[in-house]
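Visitor:
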Amino acid sequence: MSETILNEPQTLEINFGPQHPSTHGVFRMRAVLDGETIRGLKLVIGYLHRNHEQIAENLTYPGVFAYTDRLDYLNSMQNNFGYALAAEKLAGITVPERAEYIRVIMAELARIVNHLLLVGFLLNDLGAFFTPCLYAVRERERILDIFEDVSGSRMMCNYFRFGGVKNDLTENQLGEIRKVVSRLPAFLDEFEALLSKNEILCMRCQNVGGLPKDLAVNAGITGPMLRASGINYDIRKTDRYSIYDRFDFKVPLGQKGDVYDRYYVRILEMRESVKIVEQAIAGIPRGEFLNAKTLPLLRNPRLFKPAAGEAYGRIESPKGELGYYLVSDGTPQPWRYHVRAPSLINLTVLEEMCVGQKIADAIVILGSIDIVLGETDR
Amino acid sequence: MDTQISEVKTQLETGLPDVKLRTIGNSILLENPEDLVRAAFFLKEAPAFRLDYLSSITAADYLDYLESVYHLYSMEKKTGPIVLRVRVKREAPRVPSLVPVYRSADLQEREAYDTFGIVYEGHPDLRRLFLWEGFEGYPLRKDYRQEDTDVLEIADIEWLEKHGVNVPEKFKTQARELAAAGKRALSEKPAQPRN
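If you're matching them up, the sequences are chains B and U in order.
Start counting the first sequence at 32; every next residue gets the next number (the numbering used here).
Start counting the second sequence at 14; every next residue gets the next number (the numbering used here).
(1) May I ask you to report which of helix, strand or coil DSSP gives Y66(U)?
(2) I'd like to check one pair, L97(U) with A52(U): are the Cβ atoms closer than 8 Å?
(3) Is the CB of Y66(U) under 8 Å away from at least one CB in chain B?
(4) Skipping 5 residues on each side, what residues in its chain have a beta carbon closer than 8 Å to that of M108(B)?
(5) Report the residue from N238(B), G288(B), D270(B), D265(B) whose alpha carbon sits nearest the alpha carbon of D245(B).
(6) Counting only beta-carbon atoms, is G150(U) nearer than 8 Å to chain B?
(7) Just the chain B side, please: which residues come within less than 7 Å of Y133(U) by C-beta, in chain order?
(8) Using a beta-carbon distance cut-off of less than 8 Å, what residues from the region 66-82 of chain U approach chain B?
(9) With a CB to CB cut of under 7 Å and the five nearest residues on each side skipped, what residues in its chain are close to I170(U)?
(10) Tell me, please, which residues DSSP counts as bridged to I396(B).
(11) On the three-pair Cβ rule with 8 Å, is the region 368-383 of chain B touching the region 336-353 of chain B?
(12) When you compare only the Cα positions, how much space is there between M301(B) and Q41(B)?
(13) For V112(U), name the three-state secondary structure that DSSP assigns.
(14) With DSSP run on the structure shown, which of helix, strand or coil describes R345(B)?
(15) Look at G56(B) and L74(B) and say whether their C-beta atoms are less than 8 Å apart.
(16) Mind reading off the beta-carbon distance from L120(U) to L139(U)? Whole number of angstroms is fine, and I expect it under 8 Å.
(17) Which of the three DSSP states, helix, strand or coil, is assigned to Y295(B)?
(18) Tell me whether the region 385-402 of chain B and the region 84-93 of chain B touch, counting them as touching only if at least three CB pairs, one residue from each stretch, are closer than 8 Å.
(19) If you count every other CB in all the chains shown that lies within 10 Å of the CB of I307(B), and 16 or more means buried, which is it?
(20) Starting from the Cα of P383(B), find the closest Cα among V248(B), G241(B), T407(B), E341(B) and give me that residue.
(21) My understanding is that V114(U) touches V50(U), with C-beta atoms under 8 Å, so please give their C-beta distance in whole angstroms.
(22) Are there three or more Cβ pairs, one per stretch, closer than 8 Å when the region 27-41 of chain U is compared with the region 62-81 of chain U?
(23) Excluding five sequence neighbours on each side, which residues of the same chain lie with their C-beta closer than 6 Å to the C-beta of Y356(B)?
(24) Chain U partners of Y264(B), CB-CB under 7 Å?
(25) So what's V132(U) in DSSP terms, helix, strand or just coil?
(26) Using a C-beta to C-beta distance shorter than 7 Å, which residues of chain B count as neighbours of D48(U)?
(27) Give a yes or no on whether 8 Å exceeds the smallest Cβ distance from V248(B) to chain U.
(28) Does DSSP put L85(U) in a helix, in a strand, or in coil?
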């Protein structure tokens, strides 16, 4: 924000956060207000900084898994997935068929969890205090029960391993997943009947926080936020990593790129995720759930010594492109480990979206970006 | 080396003949960091590539030099990645900023500056991102040493001695130094709000 704005007598500079319920964590915004209109906005982050990258560089490769859970702590499964892909690329490990299916099932369930929470808390920010959020959290709990059953933990799952996953899925667990997922379309219909055509929601969200296409691409926005602006870019479709090329699903797109589009794209994505999980459960083959070659690594992680080189693995996490950059020097510890965090980079355009809007809208715009501070600050 | 990288290399060599480059594995190293903005702009506009999306900026420390790595993708053509890298000296490292070409470089260059101390020249607002202004050192460089936090304080030593524990002289000196450093820091730098 320029000096001239600050020096004008009518403007007022205020701080949101870091301890403010609407920032969903320890995020801080410095806003310059003219009446209720935002004239400038800067973000201040780092309150949750723990130098995740340095911690990882002092660990063994398999040891990093548990720390990736803490990045985006709402969907640890997806964080594990990205890291596993990057490290497998680095070391040239193959993944058995059944493990790929289990991974996709878990990743898509995590996507549903993430979007449910996002929509619930977005409505909270709008003032619908906890009524829609509780419905969303109720469904989320059922999925977290599955995570607990499968991996032993509800949120910090630490379920993926190099070359597969930690435990196999039993027939019972598959049946349970099928049961939970089959409820979701009806729930989403009900949820949408409550929300999508709600007058207040429409008035507060439509034409607020618009993001033009070219700016979205240039600023490296990814995930549902990019697709709400009308750009068809989904890493599941372009990179076809893991086995996503086998499933039939659509990529929902928005038109205007406003908050309403971002909300609605996520609702539609949940429906597509349900389809993917159903197809994966129907097609899951029998067989190994972990590459037998990687078994010694579970006992002794220091045996994992990829040849010197580098790899960049990326996935479509619910928030956008989650990338891991790994450099190996042939020792059991990574020489360089970098996380390309979607939560951080999607914040690049926060100021552009907020300037000219009312202060109450800034809260909604921030909510619709979908950040998790564990990932932003690292 | 895959085909796309070699294609990019030949196109860059014909389009920008004075840019010196060579390939390392599956990436392109620009010998002179000053060429970075021109090369990135060329790749962004070239109709054959249209690399319009800068996914990730990473810095890395290789002891002899620092490196800045760029992963470029094309959203229009759905291709990528093309990896560009530049190398700079450890002392006073300077790399031109890519913010004029890609807005997505904004926060990522601040992050690399914060953790590696690479100065991105031309960045509109190059400040530390995660750590506070006034933090000394760049924590992801390999020669960074964290200060020793395993030091007993004076009160601890008093308590231990009162209970009959014989505390070595080394710990007492450390405790005195720690207390003195704390007082010095308080007198020199009054607490200021971050911005």
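C-beta: ideal position from N, C-alpha, C; glycine also.
A quick note: this is a predicted structure, and the numbers were derived from the prediction, not measured.
Guide: Put simply:
(1) Taking the first residue of the second sequence as 1, we reach residue 66(U) at position 53. It is a strand residue.
(2) Translated into the one-based positions of the second sequence, residue 52(U) becomes position 39. Translated into the one-based positions of the second sequence, residue 97(U) becomes position 84. Yes, these two residues count as a Cβ contact at 8 Å.
(3) Residue 66(U) sits at position 53 when you count from the first residue of the second sequence. So yes, Y66(U) belongs to the interface.
(4) Counted from its first residue, the first sequence places residue 108(B) at position 77. The residues are M137, A138, L140, A141, F178, C188, Y190, F191.
(5) Start at 1 with the first residue of the first sequence, and residue 245(B) comes out as number 214. The residue with the shortest Cα to Cα distance from D245(B) is G288(B).
(6) Here residue 150(U) refers to the residue found at position 137 when the second sequence is read from its first residue. Not an interface residue.
(7) Taking the second sequence and counting its residues from 1, the one referred to as residue 133(U) is at position 120. Within chain B, no residue comes near Y133(U); the closest Cβ sits about 15 Å away, beyond 7 Å.
(8) Y66, L67, S68, S69, T71, A73, D74, V82
(9) In the second sequence, the residue the question calls residue 170(U) occupies position 157. Answer for I170(U): V180, F184, K185, A188, listed in chain order.
(10) As a working mapping, residue 396(B) is identified with position 365 in the first sequence. None, per the DSSP bridge assignment.
(11) yes
(12) Reading the first sequence from its first residue, position 270 is the one you call residue 301(B). Reading the first sequence from its first residue, position 10 is the one you call residue 41(B). Near 45 Å, if we compare the C-alpha coordinates of Q41(B) and M301(B).
(13) Numbered from 1 along the second sequence, position 99 holds the residue referred to as residue 112(U). Correct three-state label for V112(U): coil.
(14) The residue you call residue 345(B) lines up with position 314 of the first sequence. Correct three-state label for R345(B): strand.
(15) On the first sequence, position 25 is the one that residue 56(B) refers to. On the first sequence, position 43 is the one that residue 74(B) refers to. Contact: no.
(16) Residue numbering aside, residue 120(U) sits at position 107 when the second sequence is read from its first letter. Residue numbering aside, residue 139(U) sits at position 126 when the second sequence is read from its first letter. With a Cβ gap of about 11 Å, L120(U) and L139(U) do not count as contacting.
(17) As a working mapping, residue 295(B) is identified with position 264 in the first sequence. In the structure shown, Y295(B) sits in a helix (DSSP, three-state: H, G or I).
(18) no
(19) Indexing the first sequence from 1 puts residue 307(B) at position 276. By the neighbour-count rule (16 or more Cβ atoms within 10 Å), I307(B) is buried.
(20) As a working note, residue 383(B) is residue 352 in the first sequence. Contrary to the premise, residue 383(B) reads as Glu rather than Pro in this sequence. Ranking V248(B), G241(B), T407(B), E341(B) by Cα distance to E383(B) puts G241(B) first.
(21) In the second sequence, residue 114(U) corresponds to position 101, counting from 1. In the second sequence, residue 50(U) corresponds to position 37, counting from 1. That belief holds up - the Cβ atoms of V114(U) and V50(U) are roughly 6 Å apart, short of 8 Å.
(22) no
(23) The residue labelled residue 356(B) in the question sits at position 325 within the first sequence. Excluding positions up to five away in sequence, the list reads Y343, H369.
(24) If you number the first sequence from 1, residue 264(B) lands on position 233. Those are M88, listed as they occur along chain U.
(25) What you label residue 132(U) is simply residue 119 of the second sequence in a count that begins at 1. It is a strand residue.
(26) As a working mapping, residue 48(U) is identified with position 35 in the second sequence. Here the premise fails: no neighbours, minimum Cβ distance about 21 Å.
(27) In the first sequence, the residue the question calls residue 248(B) occupies position 217. At least one chain U Cβ lies under 8 Å of V248(B).
(28) Numbered from its first residue, the second sequence carries residue 85(U) at position 72. DSSP places L85(U) in strand when its eight states are reduced to three.
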